[in-house]
Structures are given as structure tokens and as C-alpha cells.
Amino acid sequence: MAKSDRLATRLVQAGFFITLLAAWTIESALHLINPILFPRIGDVATNFLTVITTAATLTDIWTTMSTFGTAYIIAIVLGITVGYIVSTSRLFTKTYEPMLAAFYTVPLLIFFPTFILFFGTGVKSKMALGCLAAFFPIALNTIAGFNSVDLNLRTAAMSFGASRLQMLRRVLLPGAFPIILTGLRVAFIPCFASVLAGEIIASDSGLGHQISQNAQMMETARMFAYVILVIIIAAAFNLLLSTWETRRGRATA
Amino acid sequence: MSAAFRGKYGPLRLRILSIAVLLAVWEIAARWFIDPAFASPPSAVVAGFGHLFADPKVAGAVGSFFMELAVAFAIAVIAGLVVGLAVGATPFNYRSVFPIVLLLYAIPQVTVLPMFILFFGLGAASKIAFGASHGIFPIILNVVAGMKSVRPIHVISARTMGASKMQILRRVVLPQLVPSLFVGMRLAMAVTLLGVVLAELYVSTTGIGYFTQLFSEKFDPTDLFCLITVLAAIAIGLNELTRRLELHFSRWRSD
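So the sequence lines, in the order shown, correspond to chains A and B. Just so we're aligned, residue 1 is where the first sequence starts under the numbering used here, counting upward by one. Just so we're aligned, residue 254 is where the second sequence starts under the numbering used here, counting upward by one.
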């Protein structure tokens with residue numbers, strides 16, 4: 001790629017964001033759109049500063065993060081357990097893997113009203129939703145991972161008299177590990193987004209709750225501030241995942 | 254395992270048996286062990302369909318859900334195709350614009366749901382817009398990937414034989430694009446469904462969101478379970494349809 005071409009590419013990208021910000025600034029200065037529908041850039045900036053300097057924001061971040069963390073961990077335990085059990089026999093794999101895959105394509109959010117019925121509008125219903133969203137990719141990748149382990153290795157371990165536990169610890173888990181890790185990575189963002197979605201639809205705390213509550217009170221500038229905060233958190237997650245992935249790629253290469 | 258589950262139809266038999274066992278456990282649990290305010294047995298759910306859909310308002314809510322989904326999906330496919338063709342048209346467009354598309358795709362879209370409601374109101378428009386905003390990304394990504402998979406040698410040989418730009422697009426690029434477009438459509442259907450359901454549940458004054466809230470507050474979840482079963486069936490049906498289409502349209506390509 002020529003040097004001038006690379007520069008032009010960067011210019012187009014920078015130009016896109018500069019145009020966006022400039023349009024927003026001009027719109028704010030000229031009061032073109034009702035600020036309830038689209039807030040002024042200055043108001044959003046002041047609100048963002050208020051939001052990140054308020055101690056209560058830490059509570060909201062903690063609520064969302066702990067709900068997400070709990071859901072993710074439960075999904076890992078359930079997903080790997082179910083995945084392992086299904087992968088232990090060819091019949092189970094052939095029977096249950098298509099069922100899990102078919103279920104995975106349903107927008108799992110439609111079950112959220114039943115979670116509200118069972119667990120109320122507190123954090124538990126969001127935990128259940130996040131857990132459900134993360135369970136399927138983890139379980140499906142665990143099945144694929146265990147089934148990808150070389151049959152010769154299994155036979156060799158078995159003929160040396162390995163017990164079931166030894167087989168799992170020494171042969172199956174190390175062999176399946178990369179694919180299981182892929183499942184964990186794939187499940188990460190849907191799990192986080194589901195917790196947020198649950199909080200936005202019905203909740204009494206958390207970042208998503210702040211977004212929907214400020215929207216209902218027509219505090220659009222403050223809502224924007226929370227949206228920006230969530231986007232920053234999500235961007236940090238994405239950065240973390242991609243760094244991890246490139247490191248892992250380098251290690252296995 | 255017993256002989257009943259051997260052979261070609263073994264997994265199918267076991268699947269049917271598993272579903273039957275699951276339904277039986279649910280039936281017994283809901284009848285005798287769980288508070289009827291929280292669960293209702295599958296037999297009651299099946300019996301409840303007729304009663305629930307006799308209500309023209311519920312049938313109307315499901316009908317408008319269908320309509321919103323169809324319009325959102327159509328917008329996503331057409332807009333995604335146009336944007337994808339523009340992004341993939343030249344290497345320069347690809348290198349400069351595609352990272353911006355990926356950046357926008359990384360934003361958790363649910364956070365801007367209240368914005369859509371503010372802009373487009375509580376009616377069908379906001380649900381269509383939000384569904385389409387979900388569906389457009391898989392289409393763009395797959396159309397761009399499809400254009401990248403067009404072999405330069407095919408384009409060059411078409412040009413050597415005197416094909417015009419329009420002819421190259423129609424005869425070389427578009428046929429190569431079809432399989433990836435259908436992959437994109439399958440993925441887009443799943444996320445468009447998600448987007449429309451999100452917006453429907455968020456708006457609790459009309460449509461499906463209104464009924465799910467109403468049904469979960471009246472201490473008899475039969476109607477709620479019925480409605481969710483119908484929505485899940487619609488989702489499974491539409492996903493299966495797009496999956497079949499994808500298989501059908503990618504058969505000709507061997508690589």
C-alpha cells in the first residue's frame with residue numbers, strides 16, 4: 001500500500017468523526033433540534049462530567065458488572081458441564097447438539113417476561129437472562145471442543161488404563177481448551193448486552209436502569225452521558241478481548 | 254444404550270423421548286408442586302391458545318409484530334446491500350470506510366433503544382427502525398466479504414473479453430455475492446428478531462410488551478406462556494426458513 005494511500009484512508013476516517021462532531025456542534029449552537037429529542041453537545045459534556053464524578057455511579061457500575069460477572073460464571077459452569085455430558089457419547093451429541101443449536105437462534109430475550117415473573121425486577125432476572133445468553137455458545141463450543149480431541153490420543157490413554165477423571169484432566173481438557181476458550185469469548189458480549197437489555201426493559205438499578213429512567217424523564221442529555229459511559233466500558237471489554245486473542249494467537253503459533 | 258436408539262433414526266427417537274420427558278416433568282411439577290401463580294402446565298398452555306387468540310387485540314399485536322419484522326428485515330437487506338456494495342466497490346473504500354462500520358457494530362445497540370423511541374415514537378416506526386438497525390450489520394459484513402471473495406482473474410478475463418463495468422457487476426460480482434448474501438440474511442434475521450423483540454418489550458403501553466406485562470401481573474401465567482411459545486415458534490420458523498434458503502443458494506459453489 002502506498003504511503004499517500006494510507007494517509008488518505010486515515011483522512012477519510014478522521015473526516016467522518018470530525019464532520020459528525022462539527023455537525024453536532026453547529027446544531028447545538030444554532031438550536032436546530034429540540035434538545036429533548038437530541039441534546040446539545042455542551043449539555044452532554046457537563047452531564048458526563050457530573051455522572052463520572054458522582055459516587056452513586058460507582059454503585060450503578062458495580063450492580064451491572066456484578067450481575068454480568070455472576071451470570072457469566074454460572075453460564076461457564078453450566079455450559080461446560082452440559083457440554084461435557086453431551087460430548088461423552090456420539091448418540092448424545094447427535095441428539096442434543098442440533099437441539100441446542102436450534103434454541104440458540106431464538107431471540108432469548110422473549111423469555112425475559114417469565115424471568116421477571118419468577119425472579120422479580122431485581123438483579124436476579126437480569127442474571128438469568130445473561131446466563132441464558134452465554135450458556136448456548138459455551139455449551140456448543142464445549143461439545144465441539146471435546147469432540148475435536150484426536151481419537152488416537154483417547155485410545156492410547158484408554159489402553160494405558162486411564163480412569164475417566166484422568167482422561168478428562170490429562171487428555172480431553174487440554175485438547176478441547178482452545179475451542180472452549182473461543183466459546184467463552186463469543187459468549188462475553190451477548191452476556192453483557194443481555195444484562196444491559198434487561199436493565200433497560202425493567203429494573204430498579206444499574207447502568208441500563210439509568211439510561212431508561214433518564215429517557216422516561218426526558219433528561220436526554222443525562223441519558224446520552226450514561227450511553228457514552230456504557231460504550232466506553234464496552235469498548236474496554238472489546239479491547240481486552242482482542243488483545244487477549246492476539247496474545248493467544250501468538251502463543252499457539 | 255438400548256437397541257431402540259441405534260441406527261439412523263436413533264438420535265431422532267431420543268430427541269422426541271427427551272422432549273416428552275421434559276414436558277411430563279414440567280406438567281407434573283406445575284400441577285402439583287409449583288405455585289400456580291408462577292407456572293402453568295403445558296396442557297393448559299396448549300388449551301389456552303384458542304382462548305388467547307380469540308382476543309382480536311392479542312392477535313393484532315402478534316400481527317403487527319410480524320409486519321414490523323418483515324419491513325425491518327426488508328429495509329436491512331436493501332440498505333445493507335447498497336452500503337455493502339459501496340464499501341466493497343474499491344479497495345480504498347474498503348480500507349477507509351469498513352473500520353468505521355466495524356466500530357459502529359461494536360457499540361452495544363440496546364443502549365440507544367430509548368433514543369429510537371424518542372425519535373420514532375411508540376408505534377411501529379420505532380420498532381422497525383430498531384430492528385433494521387440490528388439487521389443491517391450482518392448484511393453489510395457478508396456482502397463486503399462476498400465482494401472480497403470475487404477472484405481477480407474472473408474480473409480481468411471478463412474485462413479482456415470486453416465486458417462493461419455494468420456487465421462485470423451483473424455477470425461476475427453479483428452471482429459470486431449470492432451465497433454470502435444469504436449467509437448475511439440468515440444472521441440478519443436472528444438479530445432483526447432480537448431488535449424488534451427488544452423494542453416491543455421496552456414499549457409497555459402497546460403491542461406485545463403491553464400484553465407480556467399485563468399477563469405477568471395477573472397471577473395466571475398461562476397466557477404469558479402461550480404468547481411466548483407463539484413468539485418462539487415464529488422465531489424458530491423464520492430462522493429455519495432463512496437457513497434453508499442459505500443452503501439452497503450456496504449449493505452451486507463447491508469451495
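Ideal Cβ placement from N, Cα and C applies to all residues, glycine included. If you're wondering where the values come from, they're calculated on a predicted model, not measured in any experiment.
Proximity test, Cβ basis, 7 Å: residue i and chain B
i	result
A:V44	no
A:T9	yes
A:N238	yes
A:T95	yes
A:Q210	no
A:A253	Annotation note: pLDDT 43 at A:A253 (below 50); position unreliable, coordinate value reported separately. Closer than 7 Å: no.
A:P113	yes
A:G122	no
A:A197	yes
A:I200	yes
A:A75	no
A:I110	yes
A:V86	no
A:T243	no
Coil, strand or helix - residue i by DSSP
i	result
B:G260	coil
B:K448	One detail in the question is off: residue 448 of chain B reads as Gly in this sequence, not Lys. DSSP places B:G448 in helix when its eight states are reduced to three.
B:M414	coil
B:D308	coil
A:E219	coil
B:G376	coil
A:T93	helix
B:D508	Low confidence applies here, because B:D508 scores a pLDDT of 47, under 50, leaving its location unreliable and the question unanswered by this model.
B:R404	coil
B:A342	coil
B:V315	helix
A:K126	helix
A:S159	helix
A:S148	coil
A:I232	helix
A:P137	helix
A:A101	helix
A:T88	coil
is_contact[residue i, chain A] using C-beta, thresh 7 Å
i	result
B:Y455	yes
B:N395	no
B:S469	yes
B:A314	no
B:R268	yes
B:K261	no
B:I481	yes
B:L491	no
B:L334	no
B:A359	yes
B:L484	yes
B:P264	yes
B:A443	yes
B:A488	yes
B:V363	yes
B:P405	no
B:L305	no
B:V450	yes
B:P309	no
B:P432	no
B:P391	no
Element boundaries [alpha helix (DSSP H), containing residue i]
i	result
A:Q210	L207 to Q216
A:T182	L173 to I201
A:V106	Counting along the chain, A:V106 falls outside any alpha helix (DSSP H), and DSSP gives it neither H nor E.
B:L480	T475 to S503
A:T114	F112 to F119
B:I461	G460 to S469
Beta-carbon neighbours of residue i, restricted to chain B and to distances below 7 Å
i	result
A:L37	L371 and F372
A:Q13	S349, P352 and I353
Proximal residues of chain A, C-beta to C-beta of residue i below 7 Å
i	result
B:F258	L91
B:R348	T9
B:L446	P107
B:T465	P113
B:F291	L117 and F118
Per-residue contacts from residue i into chain B (C-beta, under 9 Å)
i	result
A:A134	The premise fails here: A:A134 is roughly 15 Å from chain B at the closest Cβ pair, so nothing lies under 9 Å.
A:F16	S349, V350 and I353
Under 9 Å from the C-beta of residue i: neighbouring residues of chain A
i	result
B:L276	Here the premise fails: no neighbours, minimum Cβ distance about 14 Å.
Neighbour list for residue i in chain B, Cβ cutoff strictly below 8 Å
i	result
A:I231	I360, P361 and T364
heavy atom of the ligand MN below 6 Å from residue i C-beta
i	result
B:V403	What this structure holds is no ligand at all, so the ligand MN is not there to describe.
Practice task
Please list the segments of the alpha helix (DSSP H) lying wholly inside the stretch 3-82 of chain A, counting only runs of 4 or more residues, in order along the chain.
Solution key: With a minimum length of 4 residues, the continuous alpha helix (DSSP H) runs that stay inside the stretch 3-82 of chain A are 3-30 and 41-53.
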